[in-house]
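Novice: Chains A and B, in that order, are what the protein sequence lines are. FYI, in the working numbering the residues of the first sequence are 3 to 882. FYI, in the working numbering the residues of the second sequence are 329 to 441. Beta carbons: idealized from backbone N, C-alpha and C, even for Gly. The structure is given below, and queries will be raised subsequently.
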Amino acid sequence: MRWWTRIRSWLRAVADRLRTEREMDAELRFHIEAFAEDLVRSGLSGEEALRRARIEFGGIERAKEECRDARGVNFVETLLQDLRFGFRMLRKSPGFTTVGILTLALGIGANTAIFSLTDQAVLRWLPIKIPEQLFELQPDFLIPEYEKLAAHTQSFSEMFASDKGPMIAGIDGVPEEIGGRFVSGAYYSVTGIHAILGRVITPEDDHPASPLVCVLSQNYWKRRFGNSAEVLGKTITLKRIPFLIIGVAPEFDAGKAADVIVPMATHLELAMKDNDTVSMVGRLKPEVSEKQASAELTLVYREILAEAAGSKLTPADQQRIREKTVQLIPAGHGGLHRFSMELRIATAVVGIILLIACINVGNLLLARGTTRQREIAVRLAIGAGRWRIIRQLLTESILLAVLGGCFGLLLAWCGGQLLSALISGAATSVTPDVRVLGFTGAVSLLTGIGFGLLPAMHATRTNLTPSLKAGGSGSRGSLFGAAGSRPGLGKGLVISQIGLCLTLLICAGLLLESLRKLSQADVGFEREKVLLMWVLPTMVGYDIAQENSLYGQLLPRLNALPDVESASLSRLQLFSGYWGRSVSVPRHASGTAEDVRVSCNTIAPKFFLTMGIPLLSGRDFTPADTTTAPKVAIISESMAQHYFQGENPVGRHFRFTGEDGTDVEIVGVVKDVLTEFREEQNQRSPRAAYIPFTQAPATMTGQAVVEVRAAENARVIAGAMREVARRLDKDLPVDVVTTQNEIVDESLGRPRALTQLTALLGLLALLLASIGLYGTMSHAVVQRTREIGIRMALGAERQNVLRMVIREGMLLTLGGISGGLALGAALTRLISSQLYGLSATDPLTFVTASLLLAGVALLASYIPARRAMRVDPMVALKYE
Amino acid sequence: MDKQMELLQGTLDMLILKAVSLGPLHGYGVLLRIQQISKDRLEIQQGSLYPALYRLEHQGWIASEWGESENKRKAKYYRLTAAGKRKLQTESEKWNRMADVIAGILRSTPEEV
């Protein structure tokens with residue numbers, strides 16, 4: 003009740019502020035006049051009575067102010083007043099306002115864009131049923147394992163399995179590659195996703211004997227079928243098998259969403275041959291903690307593995323099983339594991355940019371504070387409270403920040419697409435939704451307070467008398483200490499800004515240099531002249547024998563093409579795919595898992611010739627190495643070195659451990675190649691074993707990449723290659739990729755994106771820091787015009803003045819550089835995982851970045867210094 | 329006439345509530361009534377009267393409306409609300425208790441301690 007009255011009174015007061023003011027005037031006037039009338043009655047003259055009445059009443063304006071306070075309207079009223087005043091002040095100095103808004107827009111915009119990406123990839127809950135209860139299990143499981151796990155676990159109320167993979171869909175006879183997704187029957191009921199057309203997949207659909215059905219994702223339906231309701235009842239083919247479209251439903255995925263969803267029962271038939279595992283998602287029971295669930299699942303999983311191994315369980319297997327654990331990761335949103343290194347670095351970098359922007363604007367405000375000193379002093383002198391003025395100045399800076407935020411949002415919206423393409427590879431748009439708007443608003447507000455508070459407190463700390471006397475241009479003290487107040491603040495801000503900027507430049511420099519090293523690194527094989535073509539026979543239903551015969555026909559035809567030096571194929575393309583296997587070598591005491599791991603690939607004859615990998619000893623594979631011929635392998639130099647210690651391994655034998663562990667004879671040794679740039683970091687072994695594609699285990703069949711080495715320009719044979727494949731089977735999915743060089747290049751895609759982003763932001767920081775330094779120096783020169791004039795009148799040389807100003811600027815720069823070097827040395831360790839071929843404290847990079855910064859800083863202080871040099875002593879002395 | 333006493337801190341609100349409890353008054357009337365009842369022994373800062381009135385109204389103890397004064401002029405009249413009546417009651421009880429206690433202390437003689 004009382005609250006209500008209070009709020010009503012407040013609302014009324016706000017709503018008709020004018021009326022309240024009028025009423026207050028009338029009421030007080032009535033009081034004074036009534037009082038005066040009484041005084042007249044006691045014998046005073048009318049005028050004297052009125053005067054006495056006024057005096058006795060006391061300060062009318064103060065009473066009014068207190069009345070407004072009592073009403074509680076003051077907050078809003080003051081805010082409106084401050085905003086109006088703030089707008090006026092901003093309009094009055096358009097230069098400052100423009101620079102301020104632009105600087106903040108860059109800082110806030112960059113943060114908004116990165117936040118938006120992080121939000122989409124990591125933070126946001128998917129719009130599914132109680133998403134916070136959903137957890138994905140790590141690792142992935144074989145389908146029988148999944149079924150047993152789901153049957154035994156007590157921690158989850160419901161579970162489903164899901165797996166994604168590429169598929170070739172035939173729609174009206176036209177094949178196209180799509181993103182497929184296999185889901186077990188419970189998927190839609192667990193996630194609570196409803197069909198927007200037709201129905202979704204149910205447990206009844208997920209049986210091997212059920213009719214084959216599929217659901218289209220809403221996006222694919224829109225993209226491919228134009229939202230037509232006629233898709234229901236249509237069939238599309240997957241691997242040339244017809245599937246009935248039963249419905250359309252939205253797909254939610256923090257990553258790339260699938261186009262067509264099919265029951266898990268078709269996994270064996272449709273999935274690529276190397277894909278026999280599925281991911282498992284469950285709804286955790288409310289009373290079970292993640293830790294308990296993880297412990298329970300780990301136990302169950304180990305039992306299932308032990309059971310599967312049965313009586314063949316060796317001690318090594320037991321050890322392997324004991325090392326297995328099951329982890330839970332949140333499936334309702336992207337989760338921290340999707341907060342990639344790139345995103346982390348980008349977040350840190352844009353944070354620094356915002357900090358620099360804040361310091362920059364803070365510095366400008368500080369400078370303005372000294373020119374506004376007279377205004378502030380006057381207001382303090384006539385009785386305004388210090389906090390009142392601080393509040394007003396803060397309102398001004400928040401206003402500036404919010405304006406900057408608006409432009410920043412615009413910037414993020416336009417530039418965000420570019421940014422997200424750079425970082426995540428996928429062009430997700432920065433849509434200004436409520437969360438992003440909220441973030442930008444909060445950042446703007448904090449930014450406004452962040453850069454505004456210090457200058458505001460500083461500006462109001464003035465000693466009144468000198469400011470009023472000196473008329474605003476403090477003529478004593480150092481270059482930066484205007485009017486006798488703390489000289490260190492402006493300096494400190496410039497120094498920290500330069501320091502932060504240098505840190506960013508160093509990071510950018512390190513990344514740039516390692517990118518250069520990466521792109522020039524020797525990968526051990528031919529990059530330029532080799533053209534690649536993916537063939538995916540399994541997608542159109544080839545079995546292994548058909549596939550091998552296809553390759554057997556394809557390769558001679560490609561080799562016979564004019565302009566082709568040699569053609570071969572492999573299951574994995576060099577530098578992108580990786581297949582780690584464990585080996586056991588007689589007389590080699592096998593130690594750790596690392597010790598027995600080699601990388602494996604299945605290849606056709608002439609592979610080494612085509613890829614330009616020298617054969618060191620022994621022979622290449624030949625067409626005689628067939629499926630039924632003795633198992634053979636060619637190993638790499640480092641594998642030979644590791645297991646045979648300098649003896650000639652040709653003719654020796656080893657075994658691949660695991661299911662198809664037959665004895666393999668080594669027939670040749672080739673030079674090492676790089677599997678990727680950061681082999682050790684990603685636990686990839688440079689030790690390699692190659693086997694003939696005809697002797698590949700079943701999981702490594704189904705697809706291959708054809709390598710063709712051209713005599714001249716690799717590009718010109720692309721059409722001919724495609725034509726050869728098309729003539730063998732017109733439906734064969736074929737994808738002429740690129741040159742091998744582009745594959746290597748592509749693996750640099752993310753480092754390159756990160757490098758470009760950091761370099762871009764580093765330059766931005768440089769720009770901001772130089773604006774900051776320039777602004778500070780210019781301001782200082784204006785402040786000291788009089789002093790410089792006196793110096794010159796007393797005979798100082800122009801050159802001396804120039805040198806003096808530049809020296810002050812460079813002193814600040816040096817301070818900033820030493821700070822930045824220290825900070826850089828401390829921080830670059832954090833990005834060392836992204837570096838290649840140089841240390842995180844590479845001296846050359848540190849020196850180069852410092853020199854670059856010093857050069858720009860010199861320029862930024864040279865321009866104001868020249869202006870100082872041109873000061874006319876006569877004008878300067880008459881100034882003010 | 330006795331010398332005027334300054335108002336004790338925080339008592340103005342109570343006096344205003346008491347004054348308007350006897351019948352609606354405009355601001356000047358409140359001043360006159362307090363002076364009249366106190367037989368001019370209290371000194372009230374006129375300037376502080378209105379902020380107090382506004383505060384009391386904002387808190388809902390009193391309500392105001394425009395009416396006509398004795399000399400046919402428009403004036404703003406304040407009256408006690410129901411909540412204000414209760415407030416006045418508790419405040420006066422509190423005051424009386426406080427006054428008793430303090431008076432008791434001041435009356436005390438060495439023998440009693």
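Does R21(A) have its Cβ less than 8 Å from a Cβ in chain B?
Specialist: One-based indexing of the first sequence puts residue 21(A) at position 19. Chain B contact via Cβ: absent.
Novice: Return helix, strand or coil for E289(A), following the three-state DSSP convention.
Specialist: Taking the first sequence and counting its residues from 1, the one referred to as residue 289(A) is at position 287. Note: E289(A) maps to coil in three-state DSSP.
Novice: In whole angstroms, give me the CA-to-CA distance for G474(A) and T114(A).
Specialist: Taking the first sequence and counting its residues from 1, one reaches residue 474(A) at position 472. Taking the first sequence and counting its residues from 1, one reaches residue 114(A) at position 112. Any reading at G474(A) is ruled out, since the residue's pLDDT is 42, under 50, leaving its predicted position unreliable.
Novice: Measuring CA to CA, which of R463(A), L455(A) and A403(A) is closest to L447(A)?
Specialist: Translated into the one-based positions of the first sequence, residue 447(A) becomes position 445. Closest by alpha carbon: A403(A).
Novice: Check the DSSP bridge columns for K608(A) and list the partner residues they point to.
Specialist: In the first sequence, counting from the first residue as 1, residue 608(A) sits at position 606. Answer is none; K608(A) lacks a bridge partner.
Novice: Quick check on the DSSP output: what are the complete alpha helix (DSSP H) runs of length 4 or more inside the stretch 151–234 of chain A, in order along the chain?
Specialist: Taking only runs of at least 4 residues, the alpha helix (DSSP H) segments lying wholly in the stretch 151–234 of chain A are 189–193 and 220–227.
Novice: Expressed to the nearest angstrom, what Euclidean distance is found between the alpha-carbon atoms of P558(A) and L533(A)?
Specialist: Along the first sequence, one-based indexing puts residue 558(A) at 556. Along the first sequence, one-based indexing puts residue 533(A) at 531. If you take the alpha carbons of P558(A) and L533(A), they lie about 16 Å apart.
Novice: From S159(A) to V283(A), what does the alpha carbon distance come to, in whole angstroms?
Specialist: Mapped onto the first sequence, residue 159(A) falls at position 157. Mapped onto the first sequence, residue 283(A) falls at position 281. Spanning the two alpha carbons is a distance of roughly 11 Å.
Novice: Tell me whether R19(A) sits in a helix, a strand or coil according to DSSP, three-state version.
Specialist: As a first step, residue 19(A) must be located in the first sequence, where it is residue number 17. R19(A): helix per DSSP, three-state reduction.
Novice: Can you name the start and end residues of the alpha helix (DSSP H) that L846(A) belongs to?
Specialist: Indexing the first sequence from 1 puts residue 846(A) at position 844. P845 to M871 is the span of the alpha helix (DSSP H), which, as asked, contains L846(A).
Novice: For the structure I just gave you, are there three or more beta carbon pairs, one from the stretch 448–460 of chain A and one from the stretch 139–149 of chain A, closer than 8 Å?
Specialist: Not touching, per the Cβ criterion.
Novice: Residues bridged to H655(A) by DSSP?
Specialist: Mapped onto the first sequence, residue 655(A) falls at position 653. Partner(s): E667(A).
Novice: Quick check: the Cα distance between T604(A) and A690(A), rounded to an integer number of angstroms?
Specialist: As a working note, residue 604(A) is residue 602 in the first sequence. As a working note, residue 690(A) is residue 688 in the first sequence. About 11 Å.
Novice: Hey, L199(A) and V250(A): beta-carbon distance below 8 Å or not?
Specialist: What you label residue 199(A) is simply residue 197 of the first sequence in a count that begins at 1. What you label residue 250(A) is simply residue 248 of the first sequence in a count that begins at 1. Contact: yes.
Novice: Short of 7 Å in beta carbon distance, which residues of its chain neighbour F848(A), apart from the five on each side in sequence? Order them along the chain.
Specialist: Taking the first residue of the first sequence as position 1, residue 848(A) is located at position 846. Excluding positions up to five away in sequence, the list reads I508, L823 and G826.
Novice: Helix, strand or coil for E530(A), going by three-state DSSP, please let me know.
Specialist: As a working note, residue 530(A) is residue 528 in the first sequence. Coil at E530(A), not helix or strand.
Novice: For R242(A), count neighbouring C-beta atoms within 10 Å of its own C-beta (all shown protein chains included) and say buried if the count is 16 or more, exposed if not.
Specialist: Taking the first sequence and counting its residues from 1, the one referred to as residue 242(A) is at position 240. Looking at its Cβ environment, which holds fewer than 16 other Cβ atoms inside 10 Å, R242(A) is exposed.
Novice: For chain B, check one thing: does any of its Cβ atoms lie closer than 8 Å to the Cβ of G385(A)?
Specialist: Working through the first sequence from its first residue, we reach residue 385(A) at position 383. Chain B, which has no Cβ nearer than 8 Å to the Cβ of G385(A), makes this no.
Novice: Mark E253(A) as exposed unless 16 or more other C-beta atoms lie within 10 angstroms of its C-beta, in which case mark it buried.
Specialist: Translated into positions along the first sequence, residue 253(A) becomes position 251. By the neighbour-count rule (16 or more Cβ atoms within 10 Å), E253(A) is buried.
Novice: In chain A, what lies closer than 9 Å to E396(B) by C-beta?
Specialist: For the purposes of this step, residue 396(B) is taken as the residue at position 68 of the second sequence. The contacting residues do not exist; E396(B) stays about 11 Å from chain A at best.
Novice: Using DSSP bridges, identify the partner residues of V634(A).
Specialist: Taking the first sequence and counting its residues from 1, one reaches residue 634(A) at position 632. For V634(A), which the question treats as bridged, DSSP gives the partners E667(A).
Novice: Bridge partners of K402(B), per DSSP?
Specialist: Here residue 402(B) corresponds to residue number 74 of the second sequence, with the count starting at 1. According to DSSP, which records beta bridges pairwise, K402(B) is partnered with E396(B).
Novice: Take the Cβ of H781(A) as the centre, count every other Cβ of all protein chains shown within 10 Å, and call the residue buried at 16 or more, exposed below.
Specialist: As a position in the first sequence, residue 781(A) is number 779, starting the count at 1. When all chains shown are included, H781(A) counts as buried.
Novice: Pull up the CB-CB distance for A698(A) and I668(A), whole angstroms please, since I reckon it's below 8 Å.
Specialist: Against the first sequence, residue 698(A) aligns to sequence position 696. Against the first sequence, residue 668(A) aligns to sequence position 666. Not quite, the Cβ-Cβ distance comes to about 17 Å (not below 8 Å), so this is no contact.
Novice: If you drop the 5 nearest sequence neighbours on each side, which residues of the same chain put their C-beta closer than 8 Å to that of V358(B)?
Specialist: Residue numbering aside, residue 358(B) sits at position 30 when the second sequence is read from its first letter. Here the set comprises I344, A347, V348, L377, L381 and Y406.
Novice: For E25(A) and R401(B), I'd like the C-alpha separation in whole angstroms.
Specialist: Within the first sequence, residue 25(A) is the residue found at index 23, counting from 1. Within the second sequence, residue 401(B) is the residue found at index 73, counting from 1. Distance between the alpha carbons of E25(A) and R401(B) is about 14 Å.
Novice: Determine, for R435(B), whether the minimum Cβ-Cβ distance to residues of chain A falls below 8 Å.
Specialist: Within the second sequence, numbered from 1, the residue matching residue 435(B) stands at position 107. Judged by the 8 Å Cβ criterion, R435(B) is not in contact with chain A.
Novice: Roughly how far, in whole angstroms, is the beta-carbon of I792(A) from the beta-carbon of V873(A), given that I think they are within contact range, below 8 Å?
Specialist: Start at 1 with the first residue of the first sequence, and residue 792(A) comes out as number 790. Start at 1 with the first residue of the first sequence, and residue 873(A) comes out as number 871. Wrong, their Cβ atoms sit about 10 Å apart, outside the cutoff.
Novice: Measuring CA to CA, which of H33(A), S572(A), V496(A) and G704(A) is closest to M541(A)?
Specialist: Here residue 541(A) refers to the residue found at position 539 when the first sequence is read from its first residue. Checked all of H33(A), S572(A), V496(A) and G704(A); the closest Cα to M541(A) is G704(A).
Novice: Apart from the five residues just before and just after A767(A), which ones in its own chain have a Cβ nearer than 8 Å to its Cβ?
Specialist: Position 765 of the first sequence, counting from 1, holds the residue named residue 767(A). Here the set comprises I354, I355, I358, L502, C503, L506 and L507.
Novice: Using a Cβ cut-off of 9 Å, pull out every chain B residue sitting near L30(A), in sequence order please.
Specialist: Indexing the first sequence from 1 puts residue 30(A) at position 28. The contacting residues are G355 and Y378.
Novice: Is the CB-CB distance between M641(A) and V598(A) below 8 Å?
Specialist: Position 639 of the first sequence holds residue 641(A). Position 596 of the first sequence holds residue 598(A). Cβ atoms of M641(A) and V598(A): not closer than 8 Å.
Novice: Going straight from the alpha carbon of S687(A) to that of R621(A), what length do you get?
Specialist: Here residue 687(A) is taken as the residue at index 685 of the first sequence, counted from 1. Here residue 621(A) is taken as the residue at index 619 of the first sequence, counted from 1. Each residue's Cα considered, the two are about 23 Å apart.
Novice: For the alpha helix (DSSP H) containing I372(B), list its first residue and its last residue.
Specialist: On the second sequence, position 44 is the one that residue 372(B) refers to. Element bounds for I372(B): n/a, residue is neither H nor E.
Novice: Look at F679(A) and R573(A) and say whether their C-beta atoms are less than 8 Å apart.
Specialist: The residue you call residue 679(A) lines up with position 677 of the first sequence. The residue you call residue 573(A) lines up with position 571 of the first sequence. Contact flag unset, no.
Novice: Just mark E271(A) as buried or exposed, buried being the case when its beta carbon has 16 or more other beta carbons within 10 Å.
Specialist: Taking the first residue of the first sequence as position 1, residue 271(A) is located at position 269. Result: exposed.
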